[in-house]
Amino acid sequence: MYGRGSLGLIGYVSIAAHIGKSQVLGIIPATITEGNFVGKTVGEELRVPTMQDMIWKMLDNSDAFIVLPGGIGTLEENFQIASWAQLNIHHKPIGLLNVDGFFNKLLSFLDQAGKENFIPHSARYIFISPSTAEELIDKLEDFVYELDTIVAQIDWSKGSNSKKRKLDLSFHL
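When you read off a place in the sequence shown, starting at 1, and then add 274, the result is the number in the numbering used here.
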């Protein structure tokens, strides 16, 4: 399952998976199918109304996420899925295939954001980031979700958060 079309790195991966007789599901916002923005979808295609719907469908149809080197759209989708993990919406592993250190500066940024208390320490470890596909698959299979104790109090099954909790509004310098 992947997010769109047959162009770029994800296109090559979807084509290779399809040729190898793997089931391939391309989830794509209908608007993007107009024109030739992303190329022809490989395998089965599921058209959805919006980008947000695409990400929800990806969440519904996946056991884990593998993020390949990419651009702004890739990063946006990655961080949306990561923020949902941080908020206890899902417990699925997120792997960054860190080929040739592509994600090193992003990971350094997250480390720095954690050191400066902009993100909780646990949020940094939402991401698994080995440099080879084999190691990534092994780590995804071994992944154990570590739930943040504050976030654990959020109950998304009710449509709104009805649990009362004390917020930590202290300021750290």
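A virtual CB, placed ideally from N, CA and C, is assigned to each residue, including glycine.
(request) Give me the Cα-Cα distance between GLY294 and ALA359, rounded to the nearest whole angstrom. (result) 31 Å
(request) List the endpoints of the continuous beta strand (DSSP E) containing LEU299. (result) 299 to 303
(request) Pick helix, strand or coil for ILE424, following the three-state DSSP scheme. (result) coil
(message) Nearest by alpha-carbon distance to LYS366: which of GLY388, PHE417, ILE411 and GLN354 is it?
(response) PHE417
(request) Decide yes or no for the touch test of the segment 362 to 379 against the segment 319 to 332: beta carbon pairs closer than 8 Å, at least 3 of them. (result) no
(request) Sort out for me which residues DSSP pairs PHE401 with in a bridge. (result) ILE368
(message) Using only the alpha-carbon positions, how far apart do LEU333 and ILE355 sit?
(response) 8 Å
(request) May I ask you to list the residues that DSSP assigns as paired with GLU319? (result) GLY300
(request) Would you mind sorting PHE339 into buried or exposed? The rule is 16 or more other CB atoms within 10 Å of its CB. (result) buried
(message) So if DSSP puts VAL341 in a beta bridge, which residue, or which two residues, is it bridged to?
(response) LEU370
(message) Is it the case that the segment 407 to 414 contacts the segment 381 to 393, given that we only count it when at least three CB pairs across the two stretches are under 8 Å?
(response) no
(message) Using only CA atoms, which one of PHE401, GLU408 and SER396 lies nearest to ALA426?
(response) SER396
(request) Assuming ILE400 contacts LEU342 (C-beta within less than 8 Å), just tell me the rounded distance between them. (result) With a Cβ gap of about 17 Å, ILE400 and LEU342 do not count as contacting.
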